[in-house]
Structures are given as C-alpha cells and as structure tokens.
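Asks: Before I ask anything, here is the structure I am working with.
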DNA sequence: CCAGATTGGTACGTGCCACGGACTAAATTA
DNA sequence: TAATTTAGTCCGTGGCACGTACCAATCTGG
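Protein chains in written order, with this note's numbering: chain A, 1 to 166; chain B, 1001 to 1166.
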C-alpha cells in the first residue's frame, strides 16, 4: 500500500548555530520519532493516521464524530479513513443503540493484533534510539517532555474556552 | 490550499502508565512539534513538505536527485513537489552548467521570504511551548535531544555502510 | 569511435489523505 | 407538526508518495 517515507534525512530547518539550538534539536527529534512511526506503520501496511486510528480504538468505541475530534480530522475525512480500514477488516461499524443516526466504530481482533504489534515495535525502536542516554537522563527527558506537552494542552484548553464557545 | 490539520489531539498511542512513559512523552512531544509546523505552514499555504523543501533550499541549490536524498523522497515525488512550488513562484529550475541532464533547483526571493517568515514563527511557537521550563532545563533538553538525534544519524550511517553497499 | 549501460528527469496511473459542499435521515426544538 | 440541528455519507478537488515507463544525456568497454 504505497508505504512511503523510509528514512528521510532531518533536513535542518534552521542551520544557524545561534540560540535556536533547542528549536533545531526538537524539530529533528520530532522528525526522528515521526519517521520511526511512519516506518513501523509501513511495515504493517498502515499509514500513520491508520495506526493512530487503531490506537485510539484500542480502548474506545467512538462515533464517527468523536473519532474526528480525537484525530483532529473533518468528519468527511473520517468516513474514508474508516472505509479503508473496514475494507481491510481492521475495524467495524455498528449501529448505535441510542441514536439511530450514529455509528459506533470498533476495532476487530485483526486490527487489535496489528496495532499491538506496531506499538510494541514502536516502543522498542524509540527505546533503542534513546539508549545512549543514562537512566537518569531518560527519566529527566521523559519529565521535561511531559511537562511541555501538558503545559501546551493546558494552554489550548484555556484558549479554546476563551476564544471560542466550545 | 486545503490547509488541514489544525489542532489534532495527541491521541496517546500507549495509554499504559507503565515503563512506557518516555515513549509516550516523546510521541506526544513529537506530535506537538509536528502539528506546530503544520499549523505554521498552513498559515502560509504551505504543507510541511513544502516548508521543508524551501528550508533545504535556503542554503543549497541541489539537483532534483540530491533534493530527493535530502528530503527522503523518490525522484518522481520531487518532480511534482518542485512543479507545484515553481507554479507558485517559490522556486526555479535552472539547467545545470556541467551536466545537461541535470536541473538545479533554487529558491526565489518570494520563496525565501516565505520560509523566513515561517521558520521565525515556528521558532517563536516552539520557544513559547518550551517556556515553562527553566533556562537550565531548556539547555538540558536541547542537549539530550541533540544527542539522541546524532546517535541515530550515526547508527544509520553505519548501518547503511554495513548492510548495503552504498 | 560507437553500442550498450547508466544516470537525471519527467509523465502517467494508482492510492491515501484532507478538505468543503451538497445531501439524506434521524433527532431535537419551538 | 414544522423548522432546525446533528450524524454520516458522497462527490469533487488537490497535495503527496509511489512505481513504472520513458527520453535524453552521459559514461563505458571494446
């Protein structure tokens, strides 16, 4: 299925050695992680978005709309995404019991198997990429990353509530 | 130009609170950075790959083939990519002086202007995302990220030389 | 020097992904 | 009950990525 992206070079967005070291390093690290995910997904003939779809469905049975919010996609994009996954037997659509307009999307055993393999391999690969760091450094990195992510989520939450009515 | 991706939720690939904290945190951080780049690119009607293309061309005038290596894409993908950028006046193709088969791709003033704006905004946004960390923590993070990236690059280099003949 | 291989690019067809708009059906509300 | 809102699909458009086929230029070995 046109697996794409194998090992793109980082292609430094900002070669300047100035105070942008951090931005550069984060950009490149982010590419590394992203490419790893793409590569692992490709091994299983999945795109990143398909992998994310299955990942989301591991512990949820959302409607199309909820799926759209979870993945940050338009509902019309979700339709096709689920179509393709369903065609491959990775997910199924079930009619909602409460709302006859709605559809509940759930993962099949095949899909679960796939995503479990993929996420295991992903974890392995990231862990090996991170192996050059000491245990203490890894813990530190984990913490720093988590703080950035959670601060960002906070921000967005506040922004959404104050700038829009949803 | 169908700007896509605005604020996808992270959609944690591995919700398990076990020893995968690091993998999770890195995955989410990577999504954050990636989405930031997508958002900034979208503001200028660029895709991530277009932005990377322009970024690469800021200090290079590669042939199509070199471009392919730099971006990790097939030459046939580069053709279309450069086509679209050229159509918008962001890059130009020039015949190579030395090899009449080759084409040299270079950025135009318009393209340079665009990518400079985008990369400035990207840096600003990343810096603001990272603001909750102290100066020392930011330096540390930068170092850790850089080490991972460079170790990975090393690996790839060695692997390529030992597993394939190029 | 020239025939055959190699290299650099393009063109075309396929498929995924993403969007917006138009549409249907069901649910909610007024 | 009529009007509106909500859930999902379908269609058209366009970017992105691939593989294949192809052409032109270059390089190689006789």
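Ideal Cβ placement from N, Cα and C applies to all residues, glycine included. This structure is a prediction, so every number in the text was calculated from the model and none was measured.
Name, please, each residue of chain B whose Cβ falls closer than 7 Å to the Cβ of residue 20 of chain A.
Replies: Result: 1123.
Asks: Under 8 Å between beta-carbons, which chain B residues line up against residue 127 of chain A? List them in chain order, please.
Replies: Ordered by position in chain B, the residues that pass the 8 Å Cβ test against residue 127 of chain A are 1022, 1023.
Asks: Starting from residue 184 of chain A, trace the alpha helix (DSSP H) both ways and give me its first and last residue.
Replies: No information on residue 184 of chain A is available, as it lies outside the stretch 1 to 166 that chain A covers here.
Asks: For residue 137 of chain A, which residues in chain B fall below 8 Å Cβ to Cβ?
Replies: Per Cβ cutoff of 8 Å: 1144.
Asks: Leaving out five residues on either side along the sequence, give the residues of the same chain with a beta carbon under 6 Å from the beta carbon of residue 78 of chain A.
Replies: Taken in chain order, the residues that qualify are 64, 67, 68.
Asks: Taking the alpha-carbon positions, what's the residue 12 of chain A to residue 99 of chain A distance?
Replies: At residue 12 of chain A, the pLDDT of 47 sits below 50, so the modelled position is not reliable; the number obtained from the coordinates is stated separately. Going by the C-alpha atoms only, they are around 50 Å apart.
Asks: May I have a chain-ordered list of the beta strand (DSSP E) segments no shorter than 3 residues that lie completely inside the stretch 41-116 of chain A?
Replies: Fully enclosed beta strand (DSSP E) runs of 3 or longer: 91-95, 103-107.
Asks: Would you tell me roughly how many angstroms separate the C-alpha atoms of residue 1122 of chain B and residue 131 of chain A, rounded to the nearest one?
Replies: Distance between the alpha carbons of residue 1122 of chain B and residue 131 of chain A is about 29 Å.
Asks: Along chain B, which residues have their Cβ under 8 Å away from the Cβ of residue 132 of chain A?
Replies: 1147, 1148, 1151, listed in chain order.
Asks: Among B/1116, B/1032, B/1050, which one has its Cα closest to the Cα of residue 153 of chain A?
Replies: Among B/1116, B/1032, B/1050, the Cα nearest to that of residue 153 of chain A is on B/1032.
Asks: Does any C-beta atom of chain B lie closer than 9 Å to the C-beta of residue 30 of chain A?
Replies: Judged by the 9 Å Cβ criterion, residue 30 of chain A is in contact with chain B.
Asks: For a test of the three-state rule: what should DSSP assign to residue 1020 of chain B, helix, strand or coil?
Replies: In the structure shown, residue 1020 of chain B sits in coil (DSSP, three-state: anything other than H, G, I, E or B).
Asks: Measure the beta-carbon distance from residue 91 of chain A to residue 106 of chain A and round it to whole angstroms, keeping in mind my assumption that it falls under 8 Å.
Replies: Between residue 106 of chain A and residue 91 of chain A the Cβ distance is about 7 Å, and since that is below 8 Å, they are a contact.
Asks: Closer than 9 Å, CB to CB, is residue 1072 of chain B near chain A or not?
Replies: Taking Cβ atoms only, chain A reaches closer than 9 Å to residue 1072 of chain B, which makes this a yes.
Asks: What is the C-beta distance between residue 1113 of chain B and residue 34 of chain A, in whole angstroms, given that I count them as a contact (C-beta under 8 Å)?
Replies: With a Cβ gap of about 27 Å, residue 1113 of chain B and residue 34 of chain A do not count as contacting.
Asks: Run down chain B in chain order and give the residues with a C-beta less than 7 Å from the C-beta of residue 34 of chain A.
Replies: Result: 1030, 1034.
Asks: Would you kindly work out how many angstroms separate the C-alpha atoms of residue 120 of chain A and residue 1126 of chain B, rounded to a whole number?
Replies: Roughly 29 Å between the two C-alpha positions.
Asks: Grab me the residues of residue 1095 of chain B's own chain with a C-beta within less than 7 Å of its C-beta, minus the 5 sequence neighbours each way, in chain order.
Replies: Excluding positions up to five away in sequence, the list reads 1103.
Asks: Examine chain A for any beta-carbon lying closer than 9 Å to the beta-carbon of residue 1177 of chain B, and answer yes or no.
Replies: The question about residue 1177 of chain B has no answer, for chain B in this structure spans 1001 to 1166.
Asks: Just the chain A side, please: which residues come within less than 7 Å of residue 1090 of chain B by C-beta, in chain order?
Replies: Result: empty, since nearest Cβ-Cβ is about 16 Å, beyond 7 Å.
Asks: For residue 81 of chain A and chain B, any beta-carbon pair shorter than 9 Å?
Replies: For residue 81 of chain A, the answer is no, since every Cβ of chain B falls outside 9 Å of its Cβ.
Asks: Helix, strand or coil, according to DSSP, for residue 29 of chain A in the structure here?
Replies: In the structure shown, residue 29 of chain A sits in a helix (DSSP, three-state: H, G or I).
Asks: Let's test the definition: count the other Cβ atoms within 10 Å of the Cβ of residue 1128 of chain B and tell me whether it reaches 16, buried, or not, exposed.
Replies: That one is exposed.
Asks: With a threshold of 9 Å between beta-carbons, can residue 141 of chain A be considered close to chain B, or not?
Replies: Cβ-Cβ to chain B under 9 Å: yes for residue 141 of chain A.
Asks: Does the distance from the C-beta atom of residue 44 of chain A to that of residue 117 of chain A stay below 9 Å?
Replies: Cβ distance < 9 Å, so residue 44 of chain A and residue 117 of chain A count as in contact.
Asks: Tell me whether residue 140 of chain A sits in a helix, a strand or coil according to DSSP, three-state version.
Replies: In the structure shown, residue 140 of chain A sits in a helix (DSSP, three-state: H, G or I).
Asks: Does DSSP put residue 1146 of chain B in a helix, in a strand, or in coil?
Replies: Of the three classes helix, strand and coil, the one that applies to residue 1146 of chain B here is helix, per DSSP.
Asks: Does any residue of chain A have a CB that is nearer than 9 Å to the CB of residue 1114 of chain B?
Replies: Output row for residue 1114 of chain B: interface = no.
Asks: Mapping the DSSP letters down to three states, classify residue 1037 of chain B as helix, strand or coil.
Replies: Here residue 1037 of chain B sits in helix by DSSP.
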